[in-house]
Structures are given as structure tokens and as C-alpha cells.
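Undergrad: Provided herewith is a single structure, encoded as C-alpha cells, for subsequent inquiry.
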Amino acid sequence: MACSIRRSDVNSHPVRVKHSYWFDAGHRILHNWRAVTGLVMIAAIALSALLAPLVAPHEPFKPNPQERLRSPDARYWMGTDDLGRDILSRLLYGSRVSLLVGTVAVGIASTIGLIVGTVAGYCGGWVDSLLMGVGDVFLSVPNLVLALALVAVSWPSLGVVVVAIGVTGWVSYARVVRGQFLALRGEDFVVAARMVGVRPRQIAVRHILPNAIGPAIVLATFHMASAVLMESGLSFLGLGVQPPLPSWGSILATGRRFLQQAPHIATFPGLAIFGTVLAFNLLGDGLRDALDPRMQRRR
4 MACSIRRSDV NSHPVRVKHS YWFDAGHRIL HNWRAVTGLV MIAAIALSAL LAPLVAPHEP
64 FKPNPQERLR SPDARYWMGT DDLGRDILSR LLYGSRVSLL VGTVAVGIAS TIGLIVGTVA
124 GYCGGWVDSL LMGVGDVFLS VPNLVLALAL VAVSWPSLGV VVVAIGVTGW VSYARVVRGQ
184 FLALRGEDFV VAARMVGVRP RQIAVRHILP NAIGPAIVLA TFHMASAVLM ESGLSFLGLG
244 VQPPLPSWGS ILATGRRFLQ QAPHIATFPG LAIFGTVLAF NLLGDGLRDA LDPRMQRRR
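Taking my numbering as reference, the numbering of the sequence shown is continuous, increasing by one, and the terminal residue is 302.
This is the structure in C-alpha cells:
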């Protein structure tokens with residue numbers, strides 16, 4: 004007996020295309036208002052930093068005593084500082100410092116943390132105990148205090164600040180990656196790879212580590228906000244970026260001396276720091292929702 008299939012029967016049961024994990028994560032990011040808002044804010048800050056030489060209305064470095072402590076007006080939208088320099092121009096150039104320090108410091112911290120977390124999580128035993136013991140030592144002292152100590156024993160500069168922030172922030176990445184390895188090294192796909200003779204290094208790098216990248220990316224986003232705050236704090240104390248290079252923290256420190264006479268000097272860099280930290284925190288919240296495997300299983 005012949006069997007015929009009608010076109011209507013085929014169309015009534017459409018095939019559901021299964022997308023990859025990262026495709027679904029990107030879809031959720033674009034539909035998360037916090038992530039989108041954070042991305043837009045960060046893109047605006049990064050674009051202003053990149054185009055600072057073109058969009059800065061005035062010279063940010065050269066003093067102009069005749070215009071000192073000028074309130075915001077049509078010519079100087081954010082006023083001038085105690086040396087007559089335009090606050091808006093200095094904030095634009097200062098955004099370069101904040102983003103550069105945050106990006107490079109997070110890159111250093113995440114690289115060290117991924118390596119340490121991978122070795123500790125996959126090897127286990129005394130190796131895990133030793134590496135996590137070193138991490139506990141770093142966690143016992145606040146990051147800002149460690150950064151202050153590293154900067155104090157050397158000459159304050161942009162490079163020293165980057166290294167200090169990067170070296171003091173690796174423990175969180177190591178703990179996150181180690182936790183992922185401990186949770187995944189007993190899974191079926193890892194056991195199967197081990198049984199067919201895949202080398203331990205390949206199992207760690209190709210099979211387990213990609214599953215730990217998502218939480219590390221979320222952590223890096225929050226760490227960017229912390230790095231911006233720490234750089235501003237070090238510059239505020241005079242141990243960060245040195246003049247004449249502008250920094251939001253150093254501008255804020257200058258404005259502290261003129262709070263009653265010229266409050267705009269401290270107000271605008273404070274708002275810049277607040278907006279940047281808020282943007283990275285919003286993006287981090289959105290990425291956490293999008294990259295959470297439990298969110299994927301619910302769909």
C-alpha cells in the first residue's frame with residue numbers, strides 16, 4: 004500500500020533550528036535593557052576618548068591664568084580649573100586614561116586568573132591547595148592597600164598603576180575558573196575525552212576552559228568598574244597618573260580645594276566616574292543574565 008505525504012502535513016510540523024550557546028546569549032543580550040544601556044554608555048565613553056583630540060574644544064594641558072576658576076558658560080561648558088584649563092577637554096583626555104588602565108589591568112588580571120584557575124582546577128591535590136593558598140593571602144589584604152604598597156615602592160606612573168591594579172585582581176578569576184573546572188571535570192564529555200586518549204592539556208583547554216569563559220567575561224565587566232574606581236582613587240591620592248596627564252581622580256583632587264569657590268571642578272569628574280562605573284555594572288548585570296547556563300536551559 005502506497006504511502007503519500009501531503010505538503011500540509013510537512014508544513015504543520017516546522018523544524019526548530021537549534022542555535023549555539025553564544026548565538027542565544029547574544030540574542031538575550033540585545034533584549035536585555037540593562038546590557039543595551041550599558042553598551043550604549045560605554046560606546047559613547049569609548050568614542051569620546053578615541054576622538055578626544057578632535058572634539059576637545061580647548062587645549063587641555065596649557066595653563067591660562069586669565070580664565071582660572073571660570074564657571075560653566077557658553078565658551079567653557081564645564082568651566083575651568085585653578086590654572087584656567089578647560090574641564091571638558093581634560094575630562095575627554097582623562098577618559099583615555101581610565102579606559103586604558105581598566106582594559107589593560109583587566110587583561111593582566113584575567114590572564115593570570117585563567118591560568119592559575121585552570122591549573123588548580125584540573126590538577127587538584129597539593130597544586131590546588133598551594134595556588135588557592137596564595138590566592139587567600141592576596142584576598143586577606145584589600146586590593147587598594149596592595150596597589151598602594153606596589154605604587155609606593157616605585158615611582159608613580161601610568162604603567163605602575165596598570166600593573167598594580169592587574170596583579171591585585173587575579174584571585175577572583177582564578178576562583179571562578181577553578182570552580183567551573185571542579186564542576187565539569189567529572190562530566191561525561193570530559194570522561195569520554197579522557198578514555199579515548201586525549202591529552203590532559205587538550206582536555207583542559209579545549210573541553211573545559213570554554214565553559215568557564217562566560218563567568219570570567221561577566222567578572223571582567225565588573226572588574227572594569229573596580230579598576231576605574233581604583234585608578235581614580237590612586238590619582239586622587241597623588242599616587243596614580245602624574246601631571247600634566249589629566250585623570251578624573253586628579254581633577255577631582257584639585258576640585259576638593261575649591262568646593263566653595265568653584266564646585267564645578269569636582270562635580271563633573273565625579274559624574275564621569277559615576278557614569279562609567281554605572282555603565283559597566285549595567286553591562287555586567289545583563290551579561291550575567293545572558294551567559295548563565297540556567298537561563299539557556301529554561302528556554
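Beta carbons: idealized from backbone N, C-alpha and C, even for Gly.
Three-state secondary structure (DSSP) at D292?
TA: If you number the sequence shown from 1, residue 292 lands on position 289. In this structure, D292 counts as helix in the three-state DSSP scheme.
Undergrad: Checking 7 Å against the spacing of the C-beta atoms, do V165 and V107 come in under that value?
TA: Taking the sequence shown and counting its residues from 1, one reaches residue 165 at position 162. Taking the sequence shown and counting its residues from 1, one reaches residue 107 at position 104. V107 sits close to V165, with the two beta carbons spaced by under 7 Å.
Undergrad: Do you know offhand how far T171's Cα is from A269's?
TA: Start at 1 with the first residue of the sequence shown, and residue 171 comes out as number 168. Start at 1 with the first residue of the sequence shown, and residue 269 comes out as number 266. Looking at the two C-alpha atoms, the distance is approximately 28 Å.
Undergrad: Using the three-state DSSP reduction, which class does T83 fall into: helix, strand or coil?
TA: Working through the sequence shown from its first residue, we reach residue 83 at position 80. Strand at T83.
Undergrad: Would you mind working out which of N35, R259 and A223 sits nearest V280, comparing C-alpha positions?
TA: Position 277 of the sequence shown, counting from 1, holds the residue named residue 280. Ranking N35, R259 and A223 by Cα distance to V280 puts A223 first.
Undergrad: Quick one: Cα of S132 to Cα of Q183, how far?
TA: Here residue 132 refers to the residue found at position 129 of the sequence shown. Here residue 183 refers to the residue found at position 180 of the sequence shown. Their Cα atoms are separated by approximately 16 Å.
Undergrad: Rounded to whole angstroms, what's the CA-CA distance from G241 to I211? Just pull it up for me.
TA: Here residue 241 is taken as the residue at index 238 of the sequence shown, counted from 1. Here residue 211 is taken as the residue at index 208 of the sequence shown, counted from 1. Computed Cα separation, rounded: 43 Å.
Undergrad: I'd like the list of long-range same chain contacts for R19, defined as Cβ closer than 6 Å, with 5 residues on each side in sequence excluded.
TA: Residue numbering aside, residue 19 sits at position 16 when the sequence shown is read from its first letter. Here the model assigns R19 a pLDDT of 47, short of 50, so the residue's position is not dependable, and the following value carries that caveat. Result list for R19: empty, nothing under 6 Å.
Undergrad: State yes or no: is the C-beta of I90 within less than 7 Å of the C-beta of F261?
TA: If you number the sequence shown from 1, residue 90 lands on position 87. If you number the sequence shown from 1, residue 261 lands on position 258. No, these two residues do not count as a Cβ contact at 7 Å.
Undergrad: If you compare alpha carbons, which of L57, F64 and S113 is closest to V180?
TA: Start at 1 with the first residue of the sequence shown, and residue 180 comes out as number 177. Comparing Cα positions, the closest option is S113.
Undergrad: Could you tell me whether the Cβ atoms of G87 and E62 are closer together than 7 Å?
TA: Here the question's residue 87 lines up with position 84 in the sequence shown. Here the question's residue 62 lines up with position 59 in the sequence shown. No, they are not a contact pair.
Undergrad: Please check the pair G41 and L286, which I expect to be a contact at CB under 8 Å, by giving their CB distance rounded to whole angstroms.
TA: In the sequence shown, the residue the question calls residue 41 occupies position 38. In the sequence shown, the residue the question calls residue 286 occupies position 283. Indeed they touch by this definition, with Cβ atoms about 3 Å apart.
Undergrad: DSSP three-state call for D191: helix, strand or coil?
TA: Translated into positions along the sequence shown, residue 191 becomes position 188. DSSP places D191 in helix when its eight states are reduced to three.
Undergrad: From this set, C126, S101, R31 and G136, which residue's C-alpha is nearest G236's C-alpha?
TA: Taking the first residue of the sequence shown as position 1, residue 236 is located at position 233. Checked all of C126, S101, R31 and G136; the closest Cα to G236 is S101.
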